[in-house]
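Take 1 as the starting number for the sequence shown in this note's numbering and just add one per residue.
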Amino acid sequence: MHSKTIIPFVCCSLLFVVSAYADPDGVVIQGEEGTTGIADTASRPNAVETDSSIALQSRPPAAPDSAGIRYNWRRNKYAENSVDNNVILSEHPVNSPKPAAIAPENVVPWEQMPQKSYLTPALEVSGFLGLLSLYDRVAYPNKMQDGKKVYSSTFSSTWDHLRKQNWAFDQDAFNINQFAHPYQGATMYGLARSSGLSFWESLAYSNAGSFLWKMAGETDPPSINDQITTGNAGSLLGEALFRMAELVLNDGGSKPDAWHEAGAAIISPPTAFNRTAFGGRYKTIYPSLNPATFWAFQLGTILSSSTQSEATMNFAMAYGLPGKPGYTYTRPMDFFDFEISTQASSSNPVNNVFLRGLLYGMDYHVGNDYRGIWGLYGSYDYLAPSAFRVSTTALSLGTTGQCWVGPGIALQESLLGGIGFGAAGTTPVSEGDRDYHFGFAPQGLLALRLLFGNRAALELDARGYYVTGSGQFNSLSTSSNPVNSAGGSETIFRIKSGFNVRVYGRHGIGLQYVASTRDSQYGGQPRRHKSDGTVSLVYTFGGSSHFGAVEWRDNVNN
Numbered sequence: 001m002h003s004k005t006i007i008p009f010v011c012c013s014l015l016f017v018v019s020a021y022a023d024p025d026g027v028v029i030q031g032e033e034g035t036t037g038i039a040d041t042a043s044r045p046n047a048v049e050t051d052s053s054i055a056l057q058s059r060p061p062a063a064p065d066s067a068g069i070r071y072n073w074r075r076n077k078y079a080e081n082s083v084d085n086n087v088i089l090s091e092h093p094v095n096s097p098k099p100a101a102i103a104p105e106n107v108v109p110w111e112q113m114p115q116k117s118y119l120t121p122a123l124e125v126s127g128f129l130g131l132l133s134l135y136d137r138v139a140y141p142n143k144m145q146d147g148k149k150v151y152s153s154t155f156s157s158t159w160d161h162l163r164k165q166n167w168a169f170d171q172d173a174f175n176i177n178q179f180a181h182p183y184q185g186a187t188m189y190g191l192a193r194s195s196g197l198s199f200w201e202s203l204a205y206s207n208a209g210s211f212l213w214k215m216a217g218e219t220d221p222p223s224i225n226d227q228i229t230t231g232n233a234g235s236l237l238g239e240a241l242f243r244m245a246e247l248v249l250n251d252g253g254s255k256p257d258a259w260h261e262a263g264a265a266i267i268s269p270p271t272a273f274n275r276t277a278f279g280g281r282y283k284t285i286y287p288s289l290n291p292a293t294f295w296a297f298q299l300g301t302i303l304s305s306s307t308q309s310e311a312t313m314n315f316a317m318a319y320g321l322p323g324k325p326g327y328t329y330t331r332p333m334d335f336f337d338f339e340i341s342t343q344a345s346s347s348n349p350v351n352n353v354f355l356r357g358l359l360y361g362m363d364y365h366v367g368n369d370y371r372g373i374w375g376l377y378g379s380y381d382y383l384a385p386s387a388f389r390v391s392t393t394a395l396s397l398g399t400t401g402q403c404w405v406g407p408g409i410a411l412q413e414s415l416l417g418g419i420g421f422g423a424a425g426t427t428p429v430s431e432g433d434r435d436y437h438f439g440f441a442p443q444g445l446l447a448l449r450l451l452f453g454n455r456a457a458l459e460l461d462a463r464g465y466y467v468t469g470s471g472q473f474n475s476l477s478t479s480s481n482p483v484n485s486a487g488g489s490e491t492i493f494r495i496k497s498g499f500n501v502r503v504y505g506r507h508g509i510g511l512q513y514v515a516s517t518r519d520s521q522y523g524g525q526p527r528r529h530k531s532d533g534t535v536s537l538v539y540t541f542g543g544s545s546h547f548g549a550v551e552w553r554d555n556v557n558n
């Protein structure tokens, strides 16, 4: 699957549709009572759960503020079993009450739904790969490797792959290996997930589909890197897309209209396919359990130290923020943080994709002012500034939390450290100048967000990668020094700082600075250093006015 068609499709999908539909479980800004939002059962206390409607919700209208000028910027805490219809206990209670998270024991688990099928996704994944093979044969009939047409696979070439198992690193371009292939894996994952399978079962289908493609879809040797990124990074991406699509459907109530169905289809096409192709069998909406979420869309201009000014778009979403009363982390990816950034560049349209999610862990608290989660995280990172690039699929131990540090001031943080499999190298200056390698990649992350009520947010995001291994280095190899087989390493750091100010309602402006550095050493070559810096001025449209602060405390007015 190739990036020329995938990249524009994915970028437009996430940047437009989620922003248009998925209003998080936040408060309603005064004067925006008519906007859509992710729903809750508080407005329909007698709602009945059925096979086709699990915890479907709709938001109540906002009550006017007696003062007429203030915004409720906190994610409100409310008593789950209160007889007075969950009275809000936070400062400036301008909105109707929102419910706490839905307890998992109060809904039918997704994996126990009657529509669950193992056969349906097996047939769908096989059919999807068959169609992909036909497309590649027509679109790229003359692509050659080792004297063979890559996509002219036969029963004989398939049997050779199965019998020999001669695995290697392939020669595809960086954006195909590290972006298009994970999206292919996300598609196969989505076919299984939307058929009622669990996260782990769907991950198995994605990996099995990747293995089937490497055996029967191409004539070149099966690639180690593809199996890792397609099946595993694709599963993480597929789950995030699946959850976001379900939020859009959830916003449409028990019977989403055509607009909500279309929005979910753009985000997760395999989910829409199953909802459409099988009548009402796969119409059940995933029980999200009412997580605390926040998203922001940004549009602006970016000025790089090595390129001219370019337009940029960014979408970020946090799902399952810690501190929501009653919300638990019993399922993989009940918390995830997703970000994609694009730029107006035909050669490098995707600047970065960052995704991390809690696979297994639990929540904890320290005193009354801190709530957090900790455990094992899975992550998929794709970073491609103008001078170099790095991408990893990793497992990490870490924590994410929020602390109230002062009146109306909250600090959100994430600290992760782990190891994965990655690719890193310089950005080629011409076609065919492939200069990146594969290897194990220890990595770390520190992310901080200081939230000043509903007025401003200060952000700092620091990431580090150490990628060691070997690979293809056409621009460095010589007959006397074959760098291709030589070991080496790269150390990459990226620091992003940003300051966003809310101007009116959900609209704001922001200033961002990103600095990236790369130090590499391979074979007998001298140590190389590259750096890149960008400044961005952006317009911000947020999911709500409070920047994602979660309130859980009683008597915060005292």
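For each residue, glycine too, the CB sits at the ideal point set by N, CA and C.
If you look at N207, you'll find it in the alpha helix (DSSP H) that goes 199–216. In the DSSP annotation of this structure, the continuous segment of the alpha helix (DSSP H) that includes F242 starts and ends at 234–251. Here A122 is not near T158, since their CB atoms are 8 Å or more apart. Its Cα nearest to that of L131, the residue W213 stands out among G280, W213, E551, R389.
In the assembly as shown, D554 is an exposed residue. Its beta-carbon has fewer than 16 other beta-carbons within 10 Å.
Straight through space, the alpha carbons of L416 and F499 are spaced by roughly 23 Å. Collapsing the DSSP output to three states places P332 in coil. By DSSP's assignment, A457 forms a beta bridge with L451, N500. Here S396 is not near L383, since their CB atoms are 8 Å or more apart.
In the assembly as shown, F421 is a buried residue. Its beta-carbon has 16 or more other beta-carbons within 10 Å.
Annotated as distal: F335 and L355, with beta-carbon spacing of 8 Å or more. Distance from Y151 to K143 at the Cβ level is roughly 7 Å; contact confirmed, criterion being Cβ atoms closer than 8 Å.
Judged by DSSP in its simplified three-state form, L321 adopts coil rather than helix or strand. With contacts defined by Cβ atoms closer than 8 Å, G234 and M188 form a contacting pair.
For A424, the enclosing beta strand (DSSP E) stretches over residues 409–426.
Take the alpha-carbon of T284 and the one of P114: they are about 10 Å apart. A Cβ-Cβ distance of about 6 Å is found for the pair P325 and W552, placing them in contact under the 8 Å criterion. Going by beta carbons, Y327 and A292 fall inside the 8 Å limit. Ranked by Cα distance from G378, the first of S117, L236, K149 is L236.
Where T154 is concerned, there is no enclosing beta strand (DSSP E), because DSSP gives it neither an H nor an E. Of the other Cβ atoms in all chains shown, fewer than 16 fall within 10 Å of the Cβ of Y504; this residue is therefore exposed.
Annotation: the continuous alpha helix (DSSP H) that includes F128 extends over 119–139. In terms of CA proximity to I509, R455 leads the group Q521, R527, R455.
DSSP places M188 in the helix class (H, G or I) of the three-state scheme. Within a 10 Å sphere around the beta-carbon of Y183 sit 16 or more other beta-carbons, which makes this residue buried. With respect to the 8 Å criterion, S386 and Y282 are not classified as neighbours on the basis of their beta carbons.
By alpha-carbon distance to T312, the top candidate from Q412, S346, G279 is S346. Boundaries of the alpha helix (DSSP H) harbouring W259: 258–267, taken from the DSSP string. Annotated three-state conformation of Q227 is helix, per DSSP.
Following the DSSP letters along the chain, one finds A292 in no beta strand (DSSP E), marked with neither H nor E.
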